[in-house]
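Chains as they are written, first to last, in our numbering: chain R, 40 to 502; chain X, 243 to 398; chain S, 19 to 440.
Ideal placement from N, C-alpha and C gives every residue a C-beta, glycine not left out.
Since the structure comes first, as C-alpha cells, the remarks are kept for the end.
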Amino acid sequence: MDSSLRKLLPWFTVMGLLVGALIVAAFYKDQFREWKIWQRVHIKQELARAVSDAQREAALRIPVEIRQIVLPDLRRVDRCITCHLTVEDPSYAGFKQPLAYHPDHAQHPIEKFGCTICHQGQGRATTREAAHGHVEHWEQPMLAMQYIESACAKCHLPSDVPNAPKLARGRVLFDDLGCIGCHKLQGVGGVIGPELDGVGARHGAEWLGKHFRNPAAITSGSAMPPIKVGEQDIEALTLYMLSFTGERLSDYYVSMKTIPGADAGRRLFTEKGCMACHSLAGVGGKIGPALDEVAKRRDTKWIIEHFRNPQAVNPGSIMPRFDLTEQEMRALTEFLLTKTDPNIVGFLRIPALMTPIQRGQAVFKKYGCAGCHGAGGMGGVPNPNAKTAQQVPSLKFVADSYTKDELKKRVLNGQREIPSLNPKGPPPPLYMPPWRGRIAEGELGDLVVYLMSLMPKEEKVTF
Amino acid sequence: MNSTVNNEPNRRDFVQLVSGWCATLFALAASGAAAARFMMPNVLYEADRRYRALKPDDYPEGATFLPDARLFVLRKGNSFRAVSAVCTHLGCTVLHNNDGNGFHCPCHGSQFNENAAVTGGPAPKPLPWYLMTLTRDGRLMIDASQEVKPDKYLVV
Amino acid sequence: MLLQLWKQFRDSRVGRSVFRVGVPASNLERAQAAVSSFLLHFQPAKVNRRTLQFSATLGLGLISLYLFIILTVTGVLLMFYYVPSTNQAYQDMKDLEFVVTAGLVLRNMHRWAAHLMVISVLLHLCRVFYTAAYKAPREFNWLVGVCLLLLTLGLSFTGYLLPWDQLAFWAITVGTSIAAYAPVVGEKLKFLLLGGNVVGQSALLRFYVLHVVVLPLAALFLMAVHLWRVRKDGGLAQPGEAEPAQTVVGLAELPQNKTYGLMELARGTTPAVGVQPEEEVFTWPNLVFREMLLFLGVTALVLVLAIFWNAPLEELANPVHPPNPAKAPWYFLGLQELVAHSAFWGGVVVPALIVVALVMLPYLDRKRVGIGVWFARERKLAVTIFTVCLVAATVLTLVGSAFRGPNWALQVPWKPLAIEER
Chain R
40 MDSSLRKLLP
50 WFTVMGLLVG
60 ALIVAAFYKD
70 QFREWKIWQR
80 VHIKQELARA
90 VSDAQREAAL
100 RIPVEIRQIV
110 LPDLRRVDRC
120 ITCHLTVEDP
130 SYAGFKQPLA
140 YHPDHAQHPI
150 EKFGCTICHQ
160 GQGRATTREA
170 AHGHVEHWEQ
180 PMLAMQYIES
190 ACAKCHLPSD
200 VPNAPKLARG
210 RVLFDDLGCI
220 GCHKLQGVGG
230 VIGPELDGVG
240 ARHGAEWLGK
250 HFRNPAAITS
260 GSAMPPIKVG
270 EQDIEALTLY
280 MLSFTGERLS
290 DYYVSMKTIP
300 GADAGRRLFT
310 EKGCMACHSL
320 AGVGGKIGPA
330 LDEVAKRRDT
340 KWIIEHFRNP
350 QAVNPGSIMP
360 RFDLTEQEMR
370 ALTEFLLTKT
380 DPNIVGFLRI
390 PALMTPIQRG
400 QAVFKKYGCA
410 GCHGAGGMGG
420 VPNPNAKTAQ
430 QVPSLKFVAD
440 SYTKDELKKR
450 VLNGQREIPS
460 LNPKGPPPPL
470 YMPPWRGRIA
480 EGELGDLVVY
490 LMSLMPKEEK
500 VTF
Chain X
243 MNSTVNNEPN
253 RRDFVQLVSG
263 WCATLFALAA
273 SGAAAARFMM
283 PNVLYEADRR
293 YRALKPDDYP
303 EGATFLPDAR
313 LFVLRKGNSF
323 RAVSAVCTHL
333 GCTVLHNNDG
343 NGFHCPCHGS
353 QFNENAAVTG
363 GPAPKPLPWY
373 LMTLTRDGRL
383 MIDASQEVKP
393 DKYLVV
Chain S
19 MLLQLWKQFR
29 DSRVGRSVFR
39 VGVPASNLER
49 AQAAVSSFLL
59 HFQPAKVNRR
69 TLQFSATLGL
79 GLISLYLFII
89 LTVTGVLLMF
99 YYVPSTNQAY
109 QDMKDLEFVV
119 TAGLVLRNMH
129 RWAAHLMVIS
139 VLLHLCRVFY
149 TAAYKAPREF
159 NWLVGVCLLL
169 LTLGLSFTGY
179 LLPWDQLAFW
189 AITVGTSIAA
199 YAPVVGEKLK
209 FLLLGGNVVG
219 QSALLRFYVL
229 HVVVLPLAAL
239 FLMAVHLWRV
249 RKDGGLAQPG
259 EAEPAQTVVG
269 LAELPQNKTY
279 GLMELARGTT
289 PAVGVQPEEE
299 VFTWPNLVFR
309 EMLLFLGVTA
319 LVLVLAIFWN
329 APLEELANPV
339 HPPNPAKAPW
349 YFLGLQELVA
359 HSAFWGGVVV
369 PALIVVALVM
379 LPYLDRKRVG
389 IGVWFARERK
399 LAVTIFTVCL
409 VAATVLTLVG
419 SAFRGPNWAL
429 QVPWKPLAIE
439 ER
C-alpha cells in the first residue's frame, strides 16, 4: 500500500456513495409524477362518497397507474384519462378539472376516439404542461374551445355537422372569398399561394388570425391581399383552416363523412340528380312520381328499403339502384320526410334549372376568382406595383374591351407577366394563372356569359 | 521511512477499503434495481385488465366472445357474468360449445361445463370467473384481476 | 460476520473455481492477481510509477473506455423499448419520457455519454500527440486509435438518427449530404448508407443495425487490440525510453533441431526494461484502484448531466419542413461550415487531408524526441502545426454550431436572429 494510494482511499467510499446517491436521486426524481396526485384525489373522492363496505372496498381497489386509450387507426395513444379519470362518469358532472365529466359520448365513444383527435394536445404525455401541448417542440397544443368545431371537419363534411355554425360559416367564407383561386386544397386549386393541406397543423389560431388581417406583416413578401371581413368571420375562417391538419384517418372514421340529416339530404338530392325524374313543387322530371307529399304516403323504413332495392318494395318500379351508402340513404330519407320549406326549389340550385349567368356565377365561385378579382368581380384587391392602379383589375367592364372568344382565350392562357407601375420596383406578386386544362368547356362558356353580364346597364346606354 | 513496513495495509486502510467496497456495491445494487424496475413496463399495449365492455342490453342471451379481452360474457335474462377464455392448461383460446353449454379447448381437448369446471382433458383448473360491475355510465366492467365464484352474477 | 461468510465462500470449491487467486496478500500474489484475472490481464503485473500520475495521461483513454461501457449498458437497456420504425421510433422516445420508469434518465445518460465520448476520444488523440506517444514502437497502435476515433464518430452519427425527430432527421440529411461531396464514390456511398436517396425507413433500419451491432462489435474488437498493444508496446510512453527491440525472434536465427518454449520466442518489451525497480509499483492495487476511482468519477459525471439536463427531442421528423438552419451533429459542424464556403474543400479536401495526415503521422514524424513529455521543446514545429490545425477546427466548429443562424447567416449566440418565414 503506497502512501499516495493511501491518500486516495477515503475517496473510494465518497465516490461509491456519490454514484449510489445519484442513482437513488435519479430514481426518486423519476418516481415523482404529478398524475399520481390526481389519482389519489380521485380515490379519496370515491372513498368519501362510498356508503357501503363494498363500495369502500371497490374504491380502494382502484389502481394507481397510467391509463391509456390505444388507437392504432388514429395513430394515437391518449393518456389524458390518467388525470381526467372521470370523463365517462356522469356522477362527476360539474366537478372541476381534471376530475370532470365529459357529456355527450354517445356518438363518439371514448375507446374508439380517445381525446386528442378532437381536443389535440399531446396524448402520450403524462404531465400537465406537456399533455396540454403548450411546450416547445410540440406542434399541436390543445385546441381552444372557441375553435373546437374545427375538429369535426376531420371526419365530417363541414356543412353537415349540426351545432357547428362557425365551421359552416368558415366553409361558406372559404368559397365566397375565392381562396381556392390561389391555394390548392387536396390537389385542387390555384398555384399562386402555398397548398393548404396541413396548414392547420403547421400554424396556430393566433398566427392564422393575424395572417388573415395582414398577410405581409406575418409572412414577408406575401402576395396575399388582407382579408377584409369582420372579427367573427376571421374566427370562422381561422377555425376552418385549423381543420386542415393533413391527417389521413382510416375508413371507420371517415365512413361518417356525411352526417345523415336534412341538410346533407338536400345536398345529395341535387348531386345525385334526383330531379331528372322526380319533381318538387312542380319543378323537375315527370318520369317518376312527384315527391312533394311522400311523407304522407311512406315511412322511413319503406323509403330506405326502396333506396336499397327499389324493385323489392315496389315491383315494376323502373328506378335504378343507386350506389348510396347507409348514411346517404338516411340523409335523403330525412330530407324527403321533413322538407317543409315552400321555397325548397330555390335552395336546390340544380344546374339544369339555372340560367347561364347563374351557372357562370357558380363557376366564378368554384374556381375562386373572387380571391383576386373581388366579390362579384368588382375588384379592389391590392396588387402592389401593378400598372392597374396597384390593384387586380375589376371585371366590371370586360364586355367593353373583349369579345367572348378573346375573353375565353384570356382565361385559358392567363398572364404571367403583369406590367409594373415602377419598372425598377419588385414585380407585382399576383398574376393571372392559365386555366387551360382545369376548367371545363361548358363552365368556361357560362363564366364568360356571367362576366359579360357584369357591365352596368345604364353605362352601356351612354356608349 | 521503511517502505516495506509501510506498504502492508493497516487496520485503518482495511476499514476504508471495506467501506469503499460497500459503497460501490450499494451503487451497483441501486443501478441493478433501477434497471430491473426499468424493465417492468408501466403501460401495456394489450387489452386492459379492467375491461370496459358495452352496455348490458348490447349482449344477446347466452355467451358472447370478446376477442380483445379474450373472455366470454354470459347472459341469462337480467343476470350477467364473465369467464376467461384462456385455457388453464397451456393458454389456448377456448371455444363455446355449439349446444350452448360449456366450453372446449381446440388445442388439447380440455372440456369445461357451463360453470367452467373441468369435465375432461388435461386442464388442471377451472376457467376463472371475473368480477363484473356496472360503471356509472351504465356499462359492464370486467376486472380480470379479481376472480369470483361461478355463482356470482351481476343482476341488472 | 459477512466477511467470514465471504471467506468461506472463497475457500469453497465453487469459490476457488471462480476466483483463480484470493485477495492478494503478498507481492507474488499481487503480481498473480494482475496476470491471471481476465479483466486485469490487459495490464502487466507491475507498472511504472509515472503511469499512476494523472497528469501523464489525464486518464483520457480510460475515460473513453468507461464511457463506452456506460453507453453499452444504457444502450442495451434502451433497446428493450425501442423499435426502429419510422412510425414507432419517435413514439418510443415519448414513452421513455412519460411512462417508462427511469426511461428519460437512461436516455439522457446515453446521449450525454455519447457526446462526452466523442470529446474524450478527441482529447485522447491530442494527448497522445502532445506527448509524442505515437512514435516507435507505437505507430500501429496510433493507427488503431485513429480507426477507433472514426468508429466513435460513426457510432455517434448512427445513433443520432434513431429518435426520428427533426433534429435527428435533418442532422443525418445534412451529414450524409456532406459525405456525398466526396468525388466519384460520394453519391454511391450516401445511397448505400441510406438504402435510398432520402432518409427514410431503410436508412433508419440501416443506422440502427450499424449502431447496435456492427460498429460496437468493431469498436470492441479494436479496443481489445488497442489495449493489448499498449501492453505489448511497453506500457505508457516514458521519457528516456530505450529504442524498441525486435519483439519476435526470427525463426531463421534459431536452431531448428529443438523445440522452444514461448518465452524463448517472444521477447516483448516490458516496462521493466531499462528502469530501476524502485520506479515500479504493483498494478494491484495501485493502478487498479485508481482506475476504479476514475470509473466511479465518470459514472457520477454522466449521472449528474443526465439528472439535470434532458436530451433534446424535437418535433416528429418531417421531410417537408426543414428547420432553419439545418445542422449536422456538432462534430461535423466544422466541415459543414467549410462546405458552406466551398463544397470541394469542405466535402473532399479537408476531411481526406485530416484522415491521411492522421494515418501518416507516426511514419512521417519518426525522430525519437520528446517521448512521454508534454509539448517537448524539441518538437516545436510539430506541436505548432498540430495546434494551429486544432485551433482552426475548434473555431470552425464553434462558428458552425453557435454563430450560425437562419439561412447560415452569422449571428451571436446570445442574440439569435429571427427566422423569416416565406
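| Query | Result |
| --- | --- |
| Contact between the region 269-283 of chain R and the region 313-329 of chain R (3+ Cβ pairs under 8 angstroms) | no |
| Sequence-distant residues of its chain with Cβ nearer than 7 angstroms to S:Leu80 (five each side left out) | Glu309, Leu312 |
| Members of the region 326-338 of chain S that neighbour chain R once the beta carbon cut-off is set at 7 angstroms | Leu331, Glu332, Glu333 |
| Boundaries of the alpha helix (DSSP H) in which R:Val63 is found, first to last residue | 42-70 |
| Whole runs of the alpha helix (DSSP H) within the region 325-375 of chain R, excluding any shorter than 4 residues | 333-336, 339-347, 349-352 |
| Contacts that R:Phe51 makes with chain X (C-beta to C-beta distance below 9 angstroms) | Gln258, Leu259, Ser261, Gly262, Trp263, Ala265, Thr266 |
| For R:Leu319, the three-state DSSP class (helix, strand or coil) | strand |
| Cut-off 7 angstroms between Cβ atoms - residues of its own chain near S:Met229, not counting five sequence neighbours on either side | Contrary to the premise, residue 229 of chain S reads as His rather than Met in this sequence. Leu173, Thr176, Gly177, Leu180. |
| Any C-beta of chain S under 8 angstroms from that of R:Asp69 | yes |
| Contacts that R:Pro137 makes with chain X (C-beta to C-beta distance below 7 angstroms) | Within 7 angstroms Cβ-Cβ: nothing; R:Pro137 doesn't reach chain X, min ~17 angstroms. |
| Cα-Cα separation between S:Ala236 and S:Thr170, rounded to whole angstroms | 10 angstroms |
| Top-ranked residue by Cα proximity to S:Glu259, from S:Arg397, S:Pro340, S:Gly390, S:Pro303 | S:Gly390 |
| Stretch-stretch touch, CB-based, cutoff 8 angstroms, three pairs: the region 155-169 of chain S with the region 102-119 of chain S | no |
| Assumed close pair S:Leu134, S:Leu85 - CB separation to whole angstroms, cut-off 8 angstroms | 6 angstroms |
| Within-8 angstroms CB hit, X:Val285 to chain R | yes |
| Beta-carbon neighbours of X:Ala276, restricted to chain S and to distances below 9 angstroms | Thr119, Ala120, Val123, Leu124 |
| The region 214-225 of chain S in contact with the region 124-139 of chain S per 3-pair CB rule at 8 angstroms | no |
| Near-chain X residues of the region 115-135 of chain R - C-beta to any C-beta below 9 angstroms | Val116, Arg118, Thr125, Glu127, Asp128, Pro129, Ser130, Tyr131 |
| Nearest candidate by alpha-carbon position, reference S:Val320, set R:Gln107, R:Leu61, R:Leu48, R:Val333 | R:Leu61 |
| Where the region 143-166 of chain R meets chain S: residues whose CB sits under 7 angstroms from a CB there | Arg163, Ala164, Thr165 |
| According to DSSP, residues forming a beta bridge with R:Pro421 | R:Gln430 |
| Interface flag, X:Asp300 vs chain R, CB-CB below 8 angstroms | no |
| Short CB-CB distance (under 8 angstroms) between X:Arg312 and chain R | no |
| Interface partners of R:Val58 on chain C, CB under 8 angstroms | Chain labels in this structure do not include chain C; the protein chains are R, X and S. |
| Any chain S beta carbon closer than 8 angstroms to X:Arg291 | no |
| Backbone secondary structure at S:Gln106 - three-state DSSP | coil |
| Short CB-CB distance (under 8 angstroms) between X:Arg294 and chain R | yes |
| Proximity test, Cβ basis, 8 angstroms: R:Ile82 and chain X | no |
| Beta-bridge partners of X:Ser321, as assigned by DSSP | X:Lys318, X:Val397 |
| Range covered by the alpha helix (DSSP H) that runs through S:Val125 | Note that residue 125 of chain S corresponds to Arg in the displayed sequence, not to Val. Residues 121-148. |
| Members of the region 83-100 of chain S that neighbour chain X once the beta carbon cut-off is set at 7 angstroms | Leu95, Phe98 |
| With 16 other Cβ atoms within 10 Å as the buried cut-off, status of R:His173 | exposed |
| Distance between X:Ala386 and S:Gly163 (C-alpha atoms, nearest Å) | 58 angstroms |
| Buried versus exposed, by CB contacts within 10 Å (16 or more), S:Leu21 | exposed |
| Contacting residues, own chain, Cβ-Cβ under 7 angstroms from R:Leu278 (five flanking each side not counted) | Tyr186, Glu188, Ser189, Lys205, Leu206, Gly209 |
| Interface partners of X:Arg279 on chain S, CB under 7 angstroms | Thr119, Ala120 |
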